[in-house]
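Protein chains in written order, with the numbering used here: chain A, 18 to 148; chain B, 18 to 148; chain C, 18 to 148; chain D, 18 to 148; chain E, 18 to 148; chain F, 18 to 148. Working notes, structure below.
6 protein chains.
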Amino acid sequence: MAIFGLIEYDQATLEVRAIYDDIMATRKTDYITNFWKAIAHDPPTLKRTWESIKQVMAPGALDAVTKEMIYVAVSVTNQCEYCIATHTASARDKGLTDTQFKELMAVVGMASETNRLVKGYQVEIDERFKT
Amino acid sequence: MAIFGLIEYDQATLEVRAIYDDIMATRKTDYITNFWKAIAHDPPTLKRTWESIKQVMAPGALDAVTKEMIYVAVSVTNQCEYCIATHTASARDKGLTDTQFKELMAVVGMASETNRLVKGYQVEIDERFKT
Amino acid sequence: MAIFGLIEYDQATLEVRAIYDDIMATRKTDYITNFWKAIAHDPPTLKRTWESIKQVMAPGALDAVTKEMIYVAVSVTNQCEYCIATHTASARDKGLTDTQFKELMAVVGMASETNRLVKGYQVEIDERFKT
Amino acid sequence: MAIFGLIEYDQATLEVRAIYDDIMATRKTDYITNFWKAIAHDPPTLKRTWESIKQVMAPGALDAVTKEMIYVAVSVTNQCEYCIATHTASARDKGLTDTQFKELMAVVGMASETNRLVKGYQVEIDERFKT
Amino acid sequence: MAIFGLIEYDQATLEVRAIYDDIMATRKTDYITNFWKAIAHDPPTLKRTWESIKQVMAPGALDAVTKEMIYVAVSVTNQCEYCIATHTASARDKGLTDTQFKELMAVVGMASETNRLVKGYQVEIDERFKT
Amino acid sequence: MAIFGLIEYDQATLEVRAIYDDIMATRKTDYITNFWKAIAHDPPTLKRTWESIKQVMAPGALDAVTKEMIYVAVSVTNQCEYCIATHTASARDKGLTDTQFKELMAVVGMASETNRLVKGYQVEIDERFKT
């Protein structure tokens, strides 16, 4: 269980409830995931993290599914099981197909492999790619 | 410089040249990056890695730019400077806009932050996300 | 369960018991955590690791709580759940407050985010920070 | 060089200048590091990141030097050379002594070692540390 | 459970069965691990990954046990519990002794520690080691 | 350059010289690498690290080349360029052939790839591998 436990809506202060309300409204759901309930013990972190996530994950030049895929790619590389499970679910809710998921995993795997080969072989950046 | 140096086209065996040719033809370029020239000292690895990359990075359910973005996201998370430089260049060649790049970085950054918060707060996976 | 199981005090050799005794005396506890019981199957590693930890974690220019916080910061970044759980508990035993824990997590999260932005934007070290 | 280059104060928009001004005022310096100049190409990221860093790194239950040490610990673990160089300099400016730096590094090193031993020996969390 | 579940032999297509057969024949076992059953939902990834693993893990200039040890070293560093458990078992099946396992872990731990010290102290590569 | 600079033999205290002497005698060389000269500013860390490395890297159930390979595998996974360069050189001095190096890199690359696939597909440990 989370270190300080989970703060449910009923137990939350008005400040925390307002953020839960915004999460649910933005995501069009009546469910708050454990992550938010766990960090709600630190309202400034809850508020800052939600506002940042809300801004960053909103569709823009990249659509919502693409952003979720990138999120999953980072979470797999960082080996965060919670983040993989929740954001894969979220990506699928937003329309990620099974085939897209499989291609996503294939790219994540290959990039991880070549990242290591590059370092191991001590490859220097080509002149033309030095910005 | 790479551990065994770089194998230029002129110095390459016929086997290696055939792979260089396929790389250039597939990517519609006359340039081979240092990575391939560095691992060309191990032809089975060159061949296996190229054939895997060729298959995995080909447009499918995900387009080429999306795949390059995922590649960059993994490379940033793994802190591989070479891979970041070359695949960012490649993504831009394929049409990644500056705005898309900035959104990509914002998502990579936020995911890295929340990945850590999840672990630090010892958040458990919600029942509904247990597959 | 740990790969070779856990060596309890009663089962331990005199050599291992002496280290367990030192751990308990140093930490003013009668409890040995699973980590020590798991690596006790390799007495040289048990001894070397304990002596190093004892030296490194002893209060010095940094106090014991600060050292535990740094330990937790590294463990969260490395995603080691066991280390996070045990060293967070240890830090709290030594006086870490809930508010301090929350600030610790906030810094760990932000550093993880900016670490990625730096690499992704390919930022070079300012002249003045080159040692 | 950074991917889009560095935005100097003179070239900056009013929006970016206002953030540069706040960074300099908050940090009591007339110098803006390359990091901020590099991400200034994306004003929302510049603003969000600065406001978060400003909030998170401000002295609170943890003092400024302790927060910088945690930042360095994470950056070393993530292998971000830029972040290590700049935040070590910043920590020393704020009063980190050489002896404290050495103890910080010793703890970071030991935590990294035991993090791996724990995973390799497949050590399970002690019942008493399950939150 | 794996995201798409596990494909058992009986449920598998002929294409997947042929790969399962080759895995069992190559490894002289009648057991397929969950990993292959999980990625079997993406036959091209199953096929590419198996053929690569088969080639890479075959005894060559390095024997099979040495290759498994390297695999475990990487998996411990990446904190992949599944990979640690299965490849440690595989290494032991192939002849890894308990003493060798302990030495393997000791090296993995020490390398992780010195990797961090090097970065934290900002150590530059000696002239003689620049390739 | 290293944060506190490098301590050359001539400048070293008797305590540090004794360790340098032991390093040179153990390794049968008259050269001290930058790593030791950099951490020599913290004699307890120099002494503890050297004694640990000396014990751990000594041939035992695993020979010296195998231990160096494992060291390189960890360093590549942790992306420590200094450690990769120096320990690859060291491994080759001790007899690692070019072919062995190539096989080492191939295994490191493949393990990195499958580590990610396992997490991404959320594969659970097979009952038989639960220790």
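All C-beta atoms in this analysis are idealised placements derived from N, C-alpha and C, irrespective of residue type, glycine included.
Does any residue of chain A have a CB that is nearer than 8 Å to the CB of residue i?
{"i": "F:Q168", "result": "Residue coverage of chain F in this structure runs from 18 to 148, which leaves residue 168 of chain F outside it and unanswerable."}
{"i": "C:K147", "result": "no"}
{"i": "F:Q117", "result": "no"}
Just the C-alpha distance for residue i and residue j, rounded to the nearest angstrom, thanks.
{"i": "C:A57", "j": "D:T131", "result": "14 Å"}
{"i": "E:M74", "j": "F:V124", "result": "7 Å"}
{"i": "C:D27", "j": "C:A35", "result": "12 Å"}
{"i": "C:C97", "j": "C:H104", "result": "11 Å"}
{"i": "A:T116", "j": "A:D110", "result": "14 Å"}
{"i": "C:E10", "j": "F:P61", "result": "Past the boundaries of the shown model lies residue 10 of chain C; chain C is included only from 18 to 148, so the question cannot be answered."}
{"i": "B:M41", "j": "B:I87", "result": "22 Å"}
{"i": "F:T50", "j": "F:K71", "result": "15 Å"}
{"i": "B:G126", "j": "E:C100", "result": "27 Å"}
{"i": "B:E68", "j": "C:E68", "result": "50 Å"}
{"i": "D:A106", "j": "A:S129", "result": "32 Å"}
{"i": "B:T83", "j": "A:T83", "result": "7 Å"}
{"i": "F:L31", "j": "F:L63", "result": "13 Å"}
{"i": "F:E25", "j": "F:Y37", "result": "10 Å"}
{"i": "E:D143", "j": "F:D47", "result": "14 Å"}
{"i": "E:A55", "j": "A:M122", "result": "12 Å"}
{"i": "E:F118", "j": "F:T43", "result": "24 Å"}
{"i": "E:M18", "j": "A:K45", "result": "27 Å"}
{"i": "F:T114", "j": "E:A102", "result": "30 Å"}
{"i": "F:F21", "j": "E:A81", "result": "44 Å"}
{"i": "B:V140", "j": "A:L23", "result": "9 Å"}
{"i": "C:A108", "j": "F:D39", "result": "37 Å"}
{"i": "A:T66", "j": "E:K147", "result": "43 Å"}
{"i": "E:A78", "j": "B:V33", "result": "21 Å"}
{"i": "A:P3", "j": "E:A29", "result": "Residue 3 of chain A lies beyond the range of chain A shown here (18 to 148); nothing can be said about it."}
{"i": "A:A52", "j": "E:F52", "result": "The identity of residue 52 of chain A in the sequence shown is Phe, whereas the question assumes Ala. So the alpha carbons of these two residues sit roughly 28 Å apart."}
{"i": "F:E85", "j": "E:E85", "result": "15 Å"}
{"i": "A:D59", "j": "D:G112", "result": "28 Å"}
According to DSSP, simplified to helix, strand and coil, what is residue i?
{"i": "E:L63", "result": "helix"}
{"i": "A:F21", "result": "coil"}
{"i": "E:K147", "result": "coil"}
{"i": "E:K111", "result": "coil"}
{"i": "A:E98", "result": "helix"}
{"i": "D:L134", "result": "helix"}
{"i": "D:T43", "result": "helix"}
{"i": "B:V124", "result": "helix"}
{"i": "E:Y48", "result": "coil"}
{"i": "E:E32", "result": "helix"}
{"i": "C:D80", "result": "coil"}
{"i": "A:H58", "result": "coil"}
{"i": "D:A90", "result": "helix"}
So, does the CB of residue i fall closer than 8 Å to a CB anywhere in chain F?
{"i": "A:E144", "result": "no"}
{"i": "E:V33", "result": "no"}
{"i": "A:R44", "result": "no"}
{"i": "D:T105", "result": "yes"}
{"i": "B:I70", "result": "no"}
{"i": "A:V93", "result": "yes"}
{"i": "B:I20", "result": "yes"}
{"i": "E:I36", "result": "no"}
{"i": "A:A102", "result": "yes"}
For chain C, find out if any of its Cβ atoms is closer than 8 Å to the Cβ of residue i; answer yes or no.
{"i": "F:P76", "result": "no"}
{"i": "F:Q28", "result": "no"}
{"i": "D:A57", "result": "no"}
Would you say residue i reaches chain B, if we count a Cβ-Cβ gap shorter than 8 Å as a contact?
{"i": "E:P61", "result": "yes"}
Any Cβ of chain E within less than 8 Å of the Cβ of residue i?
{"i": "A:A123", "result": "yes"}
{"i": "D:L134", "result": "yes"}
Output yes if chain D places a C-beta closer than 8 Å to the C-beta of residue i; else output no.
{"i": "E:Y138", "result": "yes"}
{"i": "E:M127", "result": "yes"}
Would you be able to state if there are at least three C-beta pairs under 8 Å between the region 84 to 102 of chain F and the region 131 to 141 of chain E? The answer is yes - the region 84 to 102 of chain F touches the region 131 to 141 of chain E, with three or more Cβ pairs under 8 Å.
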